[in-house]
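See structure below.
There are 2 protein chains.
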Amino acid sequence: METGATKQRILDRAFHLSSLYGLEALTIGRLADDLRMSKAGVHGHFGSKQALQLATIRHAQQLFLRNIITPSEAAPDGLPRLWAMCTALTAYSMETGLHGGDFWVTVTNEYDSRTGPVRDTVEATMSGWMRRLEDLISTGIELRQLTPCDPAQLAFEIQALLDAGGHQRDLYHDPKAPARARTAIRGRLEELRGPRFPKLTE
Amino acid sequence: METGATKQRILDRAFHLSSLYGLEALTIGRLADDLRMSKAGVHGHFGSKQALQLATIRHAQQLFLRNIITPSEAAPDGLPRLWAMCTALTAYSMETGLHGGDFWVTVTNEYDSRTGPVRDTVEATMSGWMRRLEDLISTGIELRQLTPCDPAQLAFEIQALLDAGGHQRDLYHDPKAPARARTAIRGRLEELRGPRFPKLTE
DNA sequence: CCTACCGATCGGTAGG
DNA sequence: CCTACCGATCGGTAGG
C-alpha cells in the first residue's frame, strides 16, 4: 500500500510551504497553482483541508525519522546519540534550503495557542521528541557520562537552543545561529561532565 | 495628539488576538465582530490591513516598554538590570492571561520566513531588544559582574530560553516552563560569575 | 462610525 | 485527475 506519486508531490510541496508559512496559511489553491493542478485535483487526494494538514504532519514525521532519528541511532546510546541528534539538527540548519527541524519550529509555534486535532497531533509529536531527549539524558546519567541532573530541565534547555538556532537564523538572516545553538548545548553538556563523559565529535 | 478611545479598544483586541494566533490570522471581520462594530468602522481607523498590523506592533512595543523595559530600568545597570528583565518576562508568563512576551514569541516565529514591511518592523524591534541584552552583558563584563564572554552568544542563549519558557508553557500546558527558563538563565549567569557578581533577587 | 456594496479567494461539491 | 460550480469570507470602497 504505497502512496501515489502525485500525492507525494503534493505532500512535498505542502511540507515545503508549511515549513515557511505554517499549516494555517497553506491553501489548496496555492498548492494547486504551484503544482499546475486544479484545486479539486489536490483536494480529492485528502478530502478536507484538515486531512491535508494532518497528512503533511505525517509526511514531516517520516522525514524527521529518516533524516534525524534513524541516522543518530548509529551512535552509542546516551550522550553520543543525543549529541548526534543535536549536530544533525544544527548541521542541517546550516545548509541552504529546508530541513527537518524548520517545519517543527514553525508549526509548534503556530499551534501552541490553538485547539483542535492538528494542534493535538503536533503536541503529541513534540511530546514524543521531548521524551526521547529526556530518555537519552537519563541513560547518559545511568552510564555516568553525565553528572546527575533533572532530565526534564536539561531537555527543556536543549530544545530551547535547537529551536532558537533555526528561528534566529531565519529572523536575522544570521547563518551563525545554528552554530551558537550547538556551542551552547555542548557547553551545557560539558558542564555536566561525568566520569565516563564521551568524546563529542565535531 | 492622543489616540481615540475606540482605536485603543481595537488595538487592545488586535494585540490580544495576534498574541494567540499571529498577525496574519488577524482579520478585520473577526475584530469587528468581537468589538460589535462594522468592518468598515474598524477598517477606517487604519486604512489597510497592513496599517492595522503595523499599528498593532506599535501598540505591543508600547506595552513592552511600559511593562518590561521601564520597570527594569530601576535596577542598577548591567547584570541586575538584565536579571530584572528576565524575571519580569518569566514572571508575567507565570500568571494567567496575556503578557508582554507572548506577542513577540508568536509574531517573530510567524514572520521569520516571510518578507515585507511587517516582517521588517518585527525584525527591527527584535534586533533592538537583542542589542539591549548584549549591551547589558557588555556592561556586566566591564563592571566585573561577569567573567569575559561573547555577549552575542550569551544574548542568543538567554533569548532562546525566554522564548521557550513562553512557548513550551503554551504547547504543553506546562506552567513550569517559565520557571525552567529562569532557572537555566540564572545557572548560566552564575557559571559566568565575576568578582563583583551581584545578588540576584528571587 | 454606519449600510451596502465590489472582485478575489477560501474550502468544498457535483459530475464526469 | 478535470471543469464548473456553491456559499462564506477576505480586504477594501462609495457614500453618507
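Respectively, the protein sequence lines represent chains Z and X.
Quick note on numbering: our numbering labels position 40 of the first sequence as 25, and the sequence is numbered without any gaps.
Quick note on numbering: our numbering labels position 97 of the second sequence as 82, and the sequence is numbered without any gaps.
Every residue, glycine too, gets a C-beta built ideally from N, C-alpha and C.
task: Rank Z/Thr75, Z/Ala17, Z/Ser33, Z/Gly(-11) by C-alpha distance to the C-alpha of Z/Asp148 and give the top, closest one.
output: For the purposes of this step, residue 148 of chain Z is taken as residue 163 along the first sequence, with counting starting at 1. When only C-alpha atoms are compared, the closest one is Z/Thr75.
- prompt: Do you know how far the Cα of Z/Met22 is from the Cα of Z/Gly32?
  reply: For the purposes of this step, residue 32 of chain Z is taken as residue 47 along the first sequence, with counting starting at 1. For the purposes of this step, residue 22 of chain Z is taken as residue 37 along the first sequence, with counting starting at 1. Answer to the nearest angstrom: the Cα atoms are 16 Å apart.
- prompt: Going by the CB atoms, is the gap between X/Ile42 and X/Thr91 shorter than 9 Å?
  reply: Here residue 91 of chain X refers to the residue found at position 106 when the second sequence is read from its first residue. Here residue 42 of chain X refers to the residue found at position 57 when the second sequence is read from its first residue. Going by C-beta atoms, X/Thr91 is not nearer than 9 Å to X/Ile42.
field: Spatial neighbours of X/Thr124 in its chain, beta-carbon cut-off 6 Å, leaving aside the 5 residues before and after
entry: The residue you call residue 124 of chain X lines up with position 139 of the second sequence. Excluding positions up to five away in sequence, the list reads Asp62, Gly63.
message: Please list, in chain order, the chain X residues whose beta carbon lies closer than 7 Å to that of Z/Asn52.
response: In the first sequence, counting from the first residue as 1, residue 52 of chain Z sits at position 67. By Cβ distance, chain X contributes nothing, its closest Cβ being about 19 Å from Z/Asn52, past 7 Å.
query: DSSP puts Z/Arg178 in a beta bridge; with which residues?
result: Position 193 of the first sequence, counted from the start, is the residue given in the question as residue 178 of chain Z. Looking at the DSSP assignment, Z/Arg178 forms a beta bridge with Z/Leu131.
field: Z/Ser4 - DSSP class collapsed to helix/strand/coil
entry: Here the question's residue 4 of chain Z lines up with position 19 in the first sequence. Correct three-state label for Z/Ser4: helix.
- prompt: What residues in its chain sit with their C-beta under 8 Å from that of X/Cys134, if we drop five residues either side in the sequence?
  reply: Here the question's residue 134 of chain X lines up with position 149 in the second sequence. Hits under 8 Å: Ile122, Ile126, Leu177.
Inter-residue spacing [alpha-carbon to alpha-carbon] between Z/Ser3 and Z/Leu39: Sequence index remark: in the first sequence, residue 3 of chain Z carries index 18 (1-based). Sequence index remark: in the first sequence, residue 39 of chain Z carries index 54 (1-based). Using only the alpha carbons, I get a separation of about 12 Å.
CB contact below 9 Å: Z/Val103 versus chain X: Position 118 of the first sequence, counted from the first residue, corresponds to residue 103 of chain Z. No, because no Cβ of chain X sits closer than 9 Å to the Cβ of Z/Val103.
Residue closest to X/Gln35, alpha-carbon to alpha-carbon, out of X/Ala(-1), X/Leu5, X/Ala60, X/Glu58: On the second sequence, residue 35 of chain X is found 50 positions in, with the first residue counted as 1. It is X/Ala(-1) whose Cα lies nearest to the Cα of X/Gln35.
- request: Starting from X/Thr91, find everything on chain Z with Cβ-Cβ shorter than 9 Å and list it in chain order.
  value: Counted from its first residue, the second sequence places residue 91 of chain X at position 106. Here the neighbours are Asn94, Glu95, Asp97, Ser98.
field: Z/Ser112 classed as buried or exposed, judged by whether at least 16 other C-beta atoms fall within 10 angstroms
entry: Position 127 of the first sequence, counted from the start, is the residue given in the question as residue 112 of chain Z. With fewer than 16 other Cβ atoms within 10 Å, it is exposed.
message: Taking only three categories from DSSP, how would you classify X/Lys161?
response: Residue mapping note: residue 161 of chain X aligns to position 176 of the second sequence, counting from 1. X/Lys161: coil per DSSP, three-state reduction.
task: Please classify X/Phe31: does DSSP put it in a helix, a strand, or coil?
output: Position 46 of the second sequence, counting from 1, holds the residue named residue 31 of chain X. Coil at X/Phe31, not helix or strand.
field: Contact check, Z/Ile170 vs Z/Leu146, beta carbons under 9 Å
entry: Within the first sequence, numbered from 1, the residue matching residue 170 of chain Z stands at position 185. Within the first sequence, numbered from 1, the residue matching residue 146 of chain Z stands at position 161. Yes, they are a contact pair.
Beta carbon proximity, Z/Phe141 to chain X, threshold 9 Å: The sequence position of residue 141 of chain Z within the first sequence is 156, counting from 1. With 9 Å as the cut-off, Z/Phe141 counts as an interface residue toward chain X.
- prompt: Can X/Asp155 and Z/Asp87 be called in contact, C-beta distance under 9 Å?
  reply: As a working mapping, residue 155 of chain X is identified with position 170 in the second sequence. As a working mapping, residue 87 of chain Z is identified with position 102 in the first sequence. Contact: no.
- prompt: Among Z/Thr106, Z/Pro102, Z/Glu95, Z/Thr(-12), which one has its Cα closest to the Cα of Z/His152?
  reply: The count along the first sequence starts at 1 and reaches residue 152 of chain Z at position 167. Cα-wise, what sits closest to Z/His152 is Z/Glu95.
message: Using the three-state DSSP reduction, which class does Z/Gly113 fall into: helix, strand or coil?
response: Translated into positions along the first sequence, residue 113 of chain Z becomes position 128. It is helical.
message: Cutting at 7 Å between CB atoms, please list the residues of its own chain near X/Thr106, excluding the five before and the five after it.
response: Within the second sequence, numbered from 1, the residue matching residue 106 of chain X stands at position 121. Excluding sequence neighbours, X/Thr106 sits near Leu39, Ile42.
query: Z/Glu176 CB to nearest chain X CB: under 9 Å?
result: In the first sequence, counting from the first residue as 1, residue 176 of chain Z sits at position 191. Closer than 9 Å: yes.
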